[in-house]
Structure formats: C-alpha cells, structure tokens
Amino acid sequence: MKPPRNPTFLARQSYRRRRVRDSARLLPVLGMFLFLLPLLGGPQGETRTAVQLVYLFVSWFGLILAAGILARLLRYRARDGADGDANGDPT
Amino acid sequence: MIPFNILVMICLVYVAGLFIVAFVAERRASAGKVSWLRSPLVYTLSLSVYCTAWTFYGAVGYAARSGLEYMAIYTGPTIVFIGWWWALRKLVRIGRTQRITSIADLISSRYGKSNALGVIVTLMAVVGTTPYIALQLQSVTLSFAVFAREGTSGWALPDLNATALWIAAGLALFTVLFGTRNLDANERHHGVVTAIALEAIVKLVALLAVGIFVVWGVAGGVGEMLTRIAESELGETQFRAGRWVGLTFLSAAAIMTLPRMFQVLVVENADEDHLATASWAFPLYLCLMSLFVLPIAVIGLTTLPDGSNPDLFVLTIPLSQGREGLAALSFLGGFSSATSMVIVAAIALSTMVSNHIVMPLWLYFGDGKTATMSGDVRKVVLTARRLSIAGVLVLGYLYYRLTGGTEALAAIGLISFTGVAQVLPALLGGIFWRGANLRGAASGLIIGFAVWAYTLFLPSFGPGAVFSADLLANGPWGISILRPQALFGVTGMDPVVHAVFWSMVLNSAAFFGVSLFGFPSPLERLQGAQFVNVFEHSRAAHSWAHGAAEAEDLLMMAQRIIGPEEAQALFQKAAERQGKMGYLPDTTPEFLEHLERELSGSVGGATAHAMVSQIVGRSSVSVEDLMAVADETAQMLEYQQKLESQSEELSRTARQLQEANEKLTELSVQKDAFLSQISHELRTPMTSIRAFSEILMDVDGLSTEEQAKYSSIIHDEAIRLTRLLDDLLDLSVLERGQVTLNEQTGNLRDLVDRAIAATASLGEAGRMRIERDRLAENVMLHTDTDRLSQVFINLIANAYKYCDADEPVLTIRARRQTGEVVLDFVDNGSGIPKKSQTIIFEKFSRLSDQSSAGGAGLGLAICREIMANLGGSIDYLPGQGGAAFRVTLPVAEAQAA
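Below, the structure written as structure tokens:
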C-alpha cells in the first residue's frame, strides 16, 4: 500500500550512520551469545568456576566498552544528520 | 562492637542526609537550576534501584548456594541495556510524548485508554511488589539483628517487628514528603531521584569496599583469590542451563516491567540522550556490583563457622575480621539499597493506585458531574497518593509480619520478578505490533497472572498454607496434569523456570491469539499507531472530534488538576496560538488533545480522558475521525505525487530550454559568420564599383569598348547590391507581416512550370534532371501566385546549387490530402546534416562557406515567411535520401481544378 518514499541508496555518511545503528541492534545478540556460552561446559575440574568467573567478567567489560563506543557514535551521528528513525531503513 | 544506639544514630544521620539532599535538590529544581540534577550520571545512578537489599545481601547468599548463577540477575538487564536501540529507546520516547505516568498508564493508554487494563496492571503490580517490600523490611531488620546478636555491650535483642515498623514509617514519611510534594505536570521527582542517586553511590562503594577488603585484605590478592575459589566447594559448580537461561530472560523482562524500574527509566527520564549514556554506564554499575560477590561468598564459606547465614556474609565477614567501620559502611549500603527500592516502588505504586483506582472511583461516585464541580482535584489526587504510599507500606509490613523469617520470603525476589514479567507481552506487543488489542492484552495479562499465582506464588507459601500438600502432590481433585509445580505433566523443571515458562507461554498465546481474532476500537487503533510509529509521528493524530465543550468548564477542571497558574498559562498560550485574546481558546480537537495530554501527566491517561469526555460529553473519536486522519495521509501522498510530476515537468522544460539554448548558440555562430559574409558580400561589389569608376574617372584615353566593359561591370555589381538589399528589405517586410498579398487564381502545374523556366538560366540547370508528376500537380489555387512561385524558384535553385550528386535529380511530388495540398522537393544529394536541419530556415544561415553559392543565406528564411503569410508552411523533410522540403498549403486556399 505504502509506496516507498525512502531513497534506495545513501551517501557514505548516512550509510555509516545506518551501520552504526545496525551494530547497536546486533550488540545484544552478541551479548546473549557470550553469556550463554558457558552453558556448553568449558574446563572440567576444580578450576571451572574461577575460569568461568574470569570469562564472564571479561566479556561483560567488553560489552560495556562496545556499548559505550556505540552510544558515543549514535549520539554524535544523531546530531549531524537527523534523517528518519523510521523502520525499514534503506541500506 | 558498635553499640546499637550508635548504629541507630548512623541510620538517622544518614536518613537526615538524604532528606537534606532531596530538599536541596527540590529547591534547586524549583529555582530552575536543574543542570546537574538532570545529568546522565544521576539518571544512570537512579536506575540502580534495580539493586535492592535482595541483591546487596542476597546475591552473596545466592552465590554461596549456587555459584555463578547469581549473575543471571545482572546479565539480563545488561543485554536489555546494551540493546537499548531496540526497546528502551522506544519506551522512553513513548513515555515522553504520551506523558506516561506509570507502566499501568502505558498499557492502559496503548489499548485505547482503557481503565480496566490500568486496574489489572495496577493490581498485579501491587500483588507482585508488596512481598518485595516486605523482603526489604526483613533484610534491614536482619542486618540490625546481626549487630544485636554479635553485640557484647549488653543491649537487648531489639524487637525485630518494632524495628520493621519504624523503618516502614520512616520510609513512608520520606516518600510522602518528597514523592507527593506536588502534582508535577510530568510526574518527576527531583528530590527523590537525587537522593536515590546518592544511595546508589553508597551501596556501590560499600559493596566494593567489602569486596576489596575480602580480595586483598583476607585472601591476599587476585591470584590467591582465584585459587581459593577453585579450592572451595563452589569450585566445580555446574551451570544449570534451564535456570541460567530462565533467570536471564526473567531479569531482562523485569528491568522493563518492574514498576519501580519503569518509574526511574521512563517516567523520571529528563532527556533521551541520557539513555545513551545509561546504555553502557548502567551495565557497568551492575558489573561492579557483582564483581566481588563470588569472592565474598567463598571467603564467607571458608572462614565463617558452619551454619552462618550466607545472606549476611557482607556484614558478618567484616565483623568477624574486626573491621567495624567497614561493617557499618556495609550496613549502610544494605540500608540504602532497601530504602531506595521501597521509596521508588511506593511512589510508582501510589501513582498507579491513585490514577487507575482512586480517581476513576471518585469520578464515578461524583455523579458524573465531578469534572465541572468546584474544588481542588489536586488535593484529592495528592491525598490519594499519600494514602496509597502509606497503604503500600502497611501492606508490606503486614506481609512481613505474616511471613517474616520464612523461606517463602527469601525466595520472593524471583517470584515477584515472574509476577511483574507478565506485563511483558502486552508491553512489547503494544509498542511493536499495531495488531495488539485490548482484549488480547487483557486475556494475556489475566491468564499469565493466574498461571503465575497458581504455579509459583501460592505454592511458595509452602504445603498446607494456601494449597494443601495433597493438592501440590497430586493436583486439584487428583488431576495430575494440573499439579501446580508440574503443569501438563512437565516434571523435572525448576519451580521458578517452570512457572516462567508456562506463564509466559500461555500469556503470549492468549495475547497473540485473542489479538488476532479481535477488532480494536477506533481510539485503540489510533493509540496503537501512535505508539508503534512513535518515531514517525512527531505530531499526534487527533483523537478528539470538534467538541461542543465549553472552554470555561475545561479551564475550571484544568485549574483543579494542574493548578490555577499552570492551567491559565496553558489556556492563554493556546488562545494566543489561535490568535485570540484572553484565556478561552476555541475547543478545537488539537486543543483538546493537548489539554488531555497535559492532564494525563498528572492523573494518568485514562482518567484524563474520562474527565475531558465528561465535559465534551461524547465519545471522543469516531470512525469518521479515523477516516479524516487517513485522508490527511492520502492528501500528503497526493501532494507528494504532485510535487513529483511538477519536478518531471520542470526537467522537461529544462530539456526544452537546453535545446533552445543550443539553437541560439548555433545561430549566434551563424550570425557572426554571416556578418563577416555580408560585409564581404557588400564590400566585393563596392570595391569593384569604386575601382572601375576610378579608372573611368582618372584614366584618359580609354577605348569605347573598355568604357562600355567597365560601366557594365559597375552596373552588374550595383544590381547585385540592389538584389541583396532587396532580399533583406523583402524579408523584414514579410517578417513584420506588412506584406500585401496579391491574390489570384492559378494552376499549381503552371506555377511549377514557371519556376523551372525561371531557373533554367542558371548555370547548373542543364545538368539536373527534374522528375514531375504533372497530373497530380493539376490543382487550382487561389493565392498570391507570384509569391508562391518565388518559393518554388528558391527551392529549385537551391537544388541546382547544392545538390552534389554526380547525376543530380530533383523529384517534385504533389499530393492532395484532406484540406491541404502538399508539394515535396526532393533531390538526391547528401542532404542537410541533422544538426543543421533546425536552423536552415533562420535568417543568415548558410551551411557552407562557399561564396559560390552566391546567396546571402536569406532564401529559405524568405520562403518560410512567405509560406507563413500565405497560411501554409515549409518544412525540412528528413529521411528522403537527400535534401527534401515540403511545402504545405491549406485547402481553404486551395480549390481543386
């Protein structure tokens, strides 16, 4: 019903902005993967908990770092070009 | 050992500090200085109400029992926050644009401002939160008891219940004072939020301090700590996949649906940008809060005597190591975790209770006239809120008294999470799916809540309390597939995971199933579109038809809800926008919409809607209104299409202009060339005339023949000049339309004959063969025959001059067609290049530089002007294998012979 009004292709800057948003959308998926990974087992024996503890916190800090970088990019990019937030972004 | 009195003093000083902070924050806010009160940092810290005393004390206990599994309580929120671009951003935007006051308000507004849904969500929230408040009271009293038990200074074990009562009363006082100071138009509590942020720092510092003490003070460093973990009984704990996944999901759901989280996350949000900061800063906070949990648990398990309560390791480890200052700090941390949770939860619940239960009842019993009655509604709302806060705390206290100290209370954290998570399908479905409707949401909520109560909440009181042991073991009436903790025969699942699984599955199934088959009301569809497409609609669609409401009544009502000054300012501004003086704007749909939204910031969407419709007096939105909205969209589309076609037309015009420009440029070149040509043409005869006349004048003794020869040259040259000037004159006369036509009747064949005869004297005439169809040429014409034959002569002469074929042939074809006679002159030369075809009829245009052509490039221009004057036309006919000209004469002038 709705005729497509968005352009099909974008300039480099808007393209990058879209990809930053995509990364922001994908980050929780990565987070889920990292947090569910320990279920597969890991090292046996008495070091298990200690290793998993270190693993979980390292991934956690990594995710926080990535989220921080993305938040900066998203805010920075939101300012220099206010193109629509509509769903179904062109690519 | 810290004496009990000192401990109480510490608490009182701390609470007094909170009061002062909240008070100063409120003062600054009312003075308009909110810059640092509303920073991303304060926002992030205020989110820490997620970490309650249950997480402060309980996480260590959990870790001591199940190893790393406690982290699931934090990983869920982490995933939700780093994925803020998906859901949280939308929630916050909706909350801000729709002036949402609570999660019940969000659900109610989304599904057509239905108060029934508001009531359902409110009740669920109260049922789910009250035990949680009881848990906070218990944890604080227990922590008091730790000091009492270990006390050596002889103070008696205080009455735990009295302690809990005093705590509840103090919290109620604080919450009433700062949570209901005013009926803020957008429901923000600067004082409370600032105090919460301070408490967030206290609990983080306290837990980190204990953790650092444990790792570096007791264990002796990170390496040793890891070794001790490996050696402890927790060293080999397995992840229980079901619980790990289930709890991660549960905590992720809870962070969005817990009333207190919704309060700080959405309602208290001052700037959407803050969410971007919180997206990484809040996970960082959670990460730091959980960093030392396992080490503390391991040290507690290994150094404290068997049988110590692991839930209190945070307190008992420093005490056992003689670190009383640290223990006091840790106590304060637990205390602040509990208080911040209770305060925010009480505010959130009281808003919901007053907006969705008390106000509708008040309106209902007000005999339908309450909205226009005099009196201050604000007082009613504020009183309702204060009573609700007190009520919530009393409920929590009663719950604590009834179940205090039992295992049931310790497990209540996850049970409470599961209860509030039932809102998740309606919440996410509501903001992402326009098809979600009221019936679906209500069915999902009720079924989910019922399943939760049946499988988790009621059994949690233990066999014999609510459900008999027999019912738990064998199901009601012995139906084993209905066993509360093994629904549909699914056994072997952890009770919490079992309840989460079945409640969410059945809840979602009911929500989606009923939604699919239902048909929403117009208002619901309108709200649905606004919620789901919140990023596309910056402007709200009208939900009010043009009402007959009296602006005065509305003003009276608004004054009572948001206060006289604000209401008058609002009305005045609206009137000004409409170009009216005074305080009473026209009650346009836009204005009603705006007013309703302002009011809903104070009393909630459903109540505001109900109050406005009491005055407007009829259903607010009809199918016609929806159609009007659709029409607007259609108009936009049409407008867009119009713009597009206009731009197409523009590009067409641009193309035409470009062609014209090319033509002009070529003409200009031609003209320049011609000017040099014409001056040359004029100069050549003039030079020879001057030269020969000088000879005649100056040279004596010329023979008669010579004199005759020179004079004739002068004469010829003069004739050439005259002819050139005649042509120019002729053309300008024709162009100005001043020519007088000498009309007479003649035969076309005779005219062509005459033209051929007239051109026979030209030098090349003998070479060219002329093919004619004399029969077809037999057409009688009534026109200026002299002028017409001038055109023919010109065309034939051109053919003689320019046809470059070895055996030049000129074909003259005559043809009659409806209303006109057409005469084509086609030669077999190389024709005229395409780029020149457009300009050959222009003045001064000559395709070759050869002066041999003799003409001045005026011939065809003259022909064109003649034909125009005769009412016909002359065109170049491309694609005939040579130069071809078509002369057309209209039938009005042409009569068949």
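Quick note, the sequences are listed as chains A and Y, same order. Okay, so the first sequence: first residue is 35 according to this note's numbering, each after it adds one. Okay, so the second sequence: first residue is 631 according to this note's numbering, each after it adds one. Ideal placement from N, C-alpha and C gives every residue a C-beta, glycine not left out.
| Check | Outcome |
| --- | --- |
| Residues near Leu956/Y by beta carbon distance below 8 Å, same chain, minus five either side | Ala839, Val840, Phe843, Pro948 |
| Same chain only: Cβ atoms within 6 Å of Leu1054/Y, ignoring 5 sequence neighbours per side | Ala883, Thr887 |
| Beta-carbon gap between Arg953/Y and Glu898/Y smaller than 7 Å | no |
| Residue-level contact to chain A via CB, Ala1170/Y, 7 Å cutoff | Legend: pLDDT at Ala1170/Y = 45, less than 50; position of this residue unreliable, no value from coordinates given. |
| Coarse secondary structure for Gln728/Y, derived from DSSP in three states | coil |
| 4 or more residues per run - each alpha helix (DSSP H) lying fully within the stretch 656–693 of chain Y | 670–676 |
| Chain Y contacts from the stretch 89–114 of chain A (Cβ-Cβ distance under 9 Å) | Leu90, Phe91, Trp94, Phe95, Leu97, Ile98, Leu99, Ala100, Ala101, Gly102, Ile103, Leu104, Ala105, Arg106, Leu108, Arg109, Ala112 |
| Segment limits, beta strand (DSSP E) that includes Ser1503/Y | 1503–1506 |
| Residue environment, His1239/Y, which counts as buried when at least 16 other CB atoms sit within 10 Å | buried |
| Local conformation of Thr810/Y per DSSP, three classes | coil |
| Proximal residues, the stretch 46–62 of chain A versus chain Y, C-beta separation under 8 Å | Arg55, Ala58, Arg59, Leu61, Pro62 |
| Ile826/Y beta carbon less than 7 Å from that of Ser960/Y | no |
| Member of Leu97/A, Val92/A, Met66/A whose CA lies at the smallest distance from the CA of Trp874/Y | Met66/A |
| Neighbour flag for Thr1518/Y against chain A, beta carbons, 7 Å | no |
| Residues that Ala871/Y contacts on chain A, provided the C-beta gap is smaller than 7 Å | Leu73 |
| 7 Å Cβ cutoff, Phe67/A in contact with chain Y | no |
| Sufficient close CB pairs (3 or more, under 8 Å) joining the stretch 917–934 of chain Y to the stretch 827–837 of chain Y | yes |
| 4-residue-minimum alpha helix (DSSP H) runs that sit fully inside the stretch 1175–1228 of chain Y, ordered along the chain | 1181–1192, 1194–1207 |
| Cα-Cα separation, Ala688/Y to Leu104/A | Inspection of the sequence shows that residue 688/Y is occupied by Gly rather than by Ala. The alpha-carbon atoms of Gly688/Y and Leu104/A are separated by roughly 33 Å. |
| Test: Ser1277/Y CB closer than 7 Å to a CB of chain A | no |
| Contact set between Thr867/Y and chain A, taken where Cβ atoms lie within less than 7 Å | Thr83 |
| Extent of the continuous alpha helix (DSSP H) run through Asn1377/Y | Element bounds for Asn1377/Y: not the alpha helix (DSSP H) but the beta strand (DSSP E), 1374–1377. |
| Local conformation of Ile1410/Y per DSSP, three classes | Here the sequence assigns Met to residue 1410/Y, which means Ile is not the residue at that position. In this structure, Met1410/Y counts as strand in the three-state DSSP scheme. |
| For Thr1518/Y: DSSP bridge partner residues | Val1452/Y, Ser1503/Y |
| For Ser1018/Y and Val974/Y, believed in contact at Cβ under 8 Å, the rounded distance | Their Cβ separation, rounded to whole angstroms, is 14 Å, which puts Val974/Y and Ser1018/Y out of contact at 8 Å. |
| Own chain partners of His904/Y with C-beta closer than 6 Å, once the 5 adjacent residues on each side are dropped | Pro670, Tyr673 |
| Nearest to Thr1468/Y (by Cα), restricted to the options Leu916/Y, Glu1278/Y, Val896/Y, Arg1494/Y | Arg1494/Y |
| Whole-number beta carbon distance between Asn1458/Y and Gly1511/Y, since they are thought to touch under 8 Å | 6 Å |
| Partners in chain A for Trp716/Y, counting only beta-carbon separations shorter than 9 Å | Ala58, Arg59, Pro62 |
| Residue closest to Ile636/Y, alpha-carbon to alpha-carbon, out of Thr1314/Y, Ala958/Y, Ala1116/Y, Trp684/Y | Ala958/Y |
| Which listed residue (Met701/Y, Ser676/Y, Leu1378/Y) has its alpha carbon closest to that of Val88/A | Met701/Y |
| Bounding residues of the beta strand (DSSP E) (the contiguous stretch that carries Glu1401/Y) | 1399–1402 |
| Given Leu765/Y as reference, the closest of Ser696/Y, Ala746/Y, Tyr644/Y, Leu1028/Y once Cα atoms are compared | Leu1028/Y |
| Neighbour flag for Leu979/Y against chain A, beta carbons, 7 Å | no |
| Cβ neighbour criterion (16 or more within 10 Å) applied to Thr759/Y | buried |
| Cβ pair Gly1234/Y, Ala1140/Y closer than 7 Å | no |
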